[in-house]
Amino acid sequence: MKTANLFLAIAGCFAAVSAFAEAEGLTDKEIDRLIGRMTLEEKARLLVGTPGCRDSLSHRTEGAAGWTCALPELGIPSINLADGPVGVRIDPVPSTAAQVVYDEAGVPVGTLAGDAAEGAPTRYCTCFPSTTALAATWDRDAARRQGEAMGREARAYGIDVILTPGINIMRNPLCGRNFEYYSEDPLLTGRLAAAVIEGIQSQGVGTSLKHFVANNQQTGKKVNDARMTQRALREIYLRAFEYCVRKAKPWSVMGSYNRIAGEYTQTNRELMIDLLRGEWGFDGLVLTDWTVRRPTAGLLEARSALIMPGDEEIVREIVETVQSGTVKESVLDACVRDVLRLVARSLTAQGWSPSEPDLGAHAALSREIAGESMVLLKNERDALPLKTPQRIALFGATAYKSIAGGTGSSNVNKAYVRDICDGLRDAGFTLDERLRSLYEKYVAYQNEALDRYPDCPAWQKVSYHRTVLPEMDLSGNPELIDRQVGACDAAVVVLGRGSGETSDRVVEGDFNLTDAEHFLLERVAAACRRTGKRMVVVMNVCGVMEVASWRELPDAILMAWFPGQECGDAVADLLTGKVSPSGRLPMTFPLRYEDLPSSKNYPHVGQTEGRNFDYTLYEEDIWVGYRYFTTARREVAYPFGYGLSYTSFEYDDPEIRRRGQGWELSVTVRNTGRRAGREVVQLYVEAPEAEYAKPEAELRAFARTGLLQPGDEERVTLRFTDYDLASFDEARSQWRTDRGAYVARLGRSAEETILSVPFRSGSAHSWRVRDLLAPAGPITPMQVERAR
Ligand code: BGC
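Pasting the structure below:
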């Protein structure tokens, strides 16, 4: 390459950086002037990621997911883009040559570390609780603070863009990446994700909102056409994206792998141009999700400007498509402009220098958020909080090797994971020695038996290649269970379930319990009953599991999700009562998998073609999660928004008034119990009937109180706009808020209303939009009528 000398000339490089830095905040005019000086090949290079580009103008952070190309003679540096949703994903041990390794599905599974750079400081990042756990806090402030902390780490380590947040809707609990996503509800998803974006970007670090859009299954995701009505697309699958784009203005958006309306999202002009830019006013960069190849001309025409991770052949293709006249140079220039605008606002362009993030403070934040995210599903006979000091019979492989997060690109290379056993011990509990020694041997054995990457560096065993252990089968020695329960004051059973990017989940032995788990729960419960001991189940699991068949067995159930690196301490905070549970379910727990309307149209693991693989019919339409169960009056195990506390709250004095283009509802929340705690106030609105069916009531606002001491109260104000209330009227292609009688229900969950406040909208409101993204084939949407 003619610029090779420049890449190597360090002094020249820094001159180029500062030249670019001076131009930081470059106007569009200045960017256009720069484009005017670029050759066709230089333009093409800028649009294609460069995994091999080792010599950028200022620095390269190893372990990032991708890099843009540097054009030093023009003063254009390369920037770093790194995953992911729960913390920055880079290599913690700087090496002189490292390479990202992809598995057969194109998922980054690790890094081939080169020689460690001598004396270089380590760069561990904080692993926060899974995105689902963050959503379970229903706390925008927590989301923003997590975003800020991630932004600070990215800044310290030289990452320009974090590839987060992932906001696909939890259509079906078997989606392997649900733990990376927020909720079955677009409002909860959008509000929290926007706060994360704002937090990260407040640090001068970019975000990439993903996976745009309808990437709701892992099986067949690279070809799947998500076929749904325009109403379902607008109301359920696009709405959180729309909110984030309008409110938080992410610097970039990542096009998903799948198709929508018959066309790949990344080459879909209706999606990327008409909707994203035309209707929502997005003015950032669209980049492709990694490793799949879509027609180059189509990508450019849809302004999917940065092709990742990129290779030389794509550069050649871009040059050819423009030279042959297939794509106009003005189209290419629009893409180049998008990349340059991102580069111009990057840390790198500002003249980055390394620093040390405050990992101690971020670990404390991770523990705090994990604590706030845990959902108390059941608490009878005052089982929780447990009194310390107490002797605990601690069962479950995951208690001794706990799960901090899921696998795939969202894995964070953290310095450690605090296991639940260690958290409980350090909180003052005495753990049964016999069980501890047995499980430790089992963990050691399984670590070796299941280790598919024995030669990977030690830090990868803490993170990516940390195995999730199957439960130990104790059915051969049931007396052991009886004896150890008898010797202790209480029993705690930890259930574990991993999940990851490479696969969807299966029903048997994953969504449902395994036989070994069933046996364990039943035997421990029987021993506890006989001896009058309390039994607590802690679920260290990715998301929804079947609970109906076993929830009668324990006295208490705590959903701990994937709590991040501080797992053990956060669980201990809840079990000891240091923190009163205030998490609420961001999705519905059905009685059975088959109860979910989407279960009729979901692929099975191992499927390689056909219906649900090549295309999926979203026949459940808008009836996703609680929208279906509440409207159809179908029983669930635990409803959306559900969660208990160690204290109790009363609501009083609600008042609703018109404010600007919307409504404001205030209510007083009082802690009427004997412990300090926080309450999540959920507002569901029942809208008047229209020609099309509407759900019973939909979440339109929520808030979280501060920590209320017993007897304390807080006046909580919830705001929602007319647009927030709108449903999508597909026949007229418009958002519509109807005139008439509404009911604001303050609820403890989607099913439990505490107070109802009627209000009237004297006029209708509508917002016309273009008739876009109609499904590529016929579908018969499910009909659900509100019960009268
Ligand atoms: C994932 C993205 C991720 C990218 C880069 C892809 O496999 O789908 O979520 O950001 O890899 O690692």
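Just so we're aligned, residue 40 is where the sequence shown starts under this note's numbering, counting upward by one.
All C-beta atoms, glycine included, are put in the ideal place defined by N, C-alpha and C.
Treat the numbers as computed from the prediction; the structure is a model and nothing was measured.
Cβ-heavy atom distance, residue i to the ligand BGC, below 8 Å
| i | result |
| --- | --- |
| threonine 330 | yes |
| aspartate 122 | yes |
| alanine 826 | no |
| tyrosine 296 | yes |
| histidine 804 | no |
| glycine 607 | no |
| glycine 444 | no |
| glycine 105 | yes |
| histidine 643 | no |
| glycine 349 | no |
| methionine 574 | no |
| lysine 249 | yes |
| glycine 205 | yes |
| leucine 324 | no |
| glycine 539 | no |
| methionine 209 | no |
| serine 169 | no |
| methionine 626 | no |
| glycine 259 | no |
| glycine 447 | yes |
Outcome for residue i when other beta-carbon atoms lying within 10 angstroms are tallied against a minimum of 16
| i | result |
| --- | --- |
| tyrosine 196 | buried |
| proline 820 | buried |
| threonine 78 | exposed |
| glycine 746 | For the sequence presented, residue 746 should be read as leucine rather than glycine. The residue in question, leucine 746, is exposed, as its Cβ has fewer than 16 Cβ neighbours within 10 Å. |
| alanine 826 | exposed |
| arginine 672 | exposed |
| tryptophan 329 | buried |
| threonine 647 | exposed |
| glutamine 256 | buried |
| glycine 75 | exposed |
| glutamine 700 | exposed |
| tryptophan 702 | buried |
| threonine 161 | exposed |
| glycine 801 | exposed |
| asparagine 217 | buried |
For residue i, the residue or residues it bridges with in DSSP
| i | result |
| --- | --- |
| histidine 804 | Thr776 |
| asparagine 418 | Ala595 |
| threonine 792 | Gly786 |
| methionine 293 | Leu326 |
| glycine 245 | Val200 |
| tryptophan 106 | Asn119 |
| arginine 672 | Answer is none; arginine 672 lacks a bridge partner. |
| aspartate 691 | Thr707 |
| serine 766 | Arg775 |
| phenylalanine 741 | Gln721 |
| threonine 756 | Ser705 |
| glutamate 251 | Contrary to the premise, residue 251 reads as phenylalanine rather than glutamate in this sequence. DSSP lists Gly294 as partners of phenylalanine 251. |
| methionine 578 | Leu534, Met598 |
Candidates the options: closest to residue i by CA position
| i | options | result |
| --- | --- | --- |
| glycine 15 | Leu339, Leu381, Gly349 | Not covered by the structure: residue 15. The range shown for the chain is 40 to 827. |
| alanine 529 | Ala826, Ala422, Gly664 | Ala422 |
| tryptophan 589 | Val610, Leu534, Arg505, Phe759 | Leu534 |
| threonine 469 | Pro493, Gly816, Ala432 | Ala432 |
| threonine 506 | Pro396, Arg355, Ala436 | Ala436 |
| glycine 645 | Gly259, Pro797, Asn119 | Gly259 |
| arginine 873 | Val580, Ile299, Asp322 | The structure shown does not extend to residue 873, since the chain is modelled only from 40 through 827, so no value can be given for it. |
| histidine 98 | Gly699, Ala388, Ala789 | Ala388 |
| proline 678 | Ala175, Lys68, Ala159, Thr66 | Ala175 |
| phenylalanine 550 | Arg631, Val782, Lys480 | Arg631 |
| proline 428 | Val583, Leu614, His250 | Leu614 |
| asparagine 263 | Pro814, Val823, Leu315 | Pro814 |
| leucine 345 | Lys367, Gly320, Leu371 | Leu371 |
| methionine 578 | Leu86, Gln748, Asp768, Met413 | Met413 |
| glycine 622 | Cys567, Asp608, Leu683 | Leu683 |
Inter-stretch contact (C-beta, 8 Å, three-pair minimum) for the region 710-722 and the region 679-698: Output reads yes: the region 679-698 touches the region 710-722.
Stretch pair the region 393-403 + the region 493-501: three plus CB contacts closer than 8 Å: A contact between stretches requires three or more CB pairs, one per stretch, nearer than 8 Å, and the region 393-403 fails this requirement with the region 493-501.
Touch test, the region 164-174 against the region 442-457, Cβ-Cβ under 8 Å, three pairs minimum: Yes, the region 164-174 is in contact with the region 442-457.
Stretch-stretch touch, CB-based, cutoff 8 Å, three pairs: the region 230-248 with the region 265-276: In short, these stretches do not touch, since the Cβ pair count stays below three.
Three-pair Cβ contact test at 8 Å for the region 292-304 versus the region 221-230: Segments in contact, no.
The region 738-745 in contact with the region 755-765 per 3-pair CB rule at 8 Å: At 8 Å Cβ cutoff, the stretches touch.
Cβ pair count under 8 Å reaching 3, the region 98-108 against the region 122-130: The region 98-108, when compared against the region 122-130, does touch it at the 8 Å Cβ threshold.
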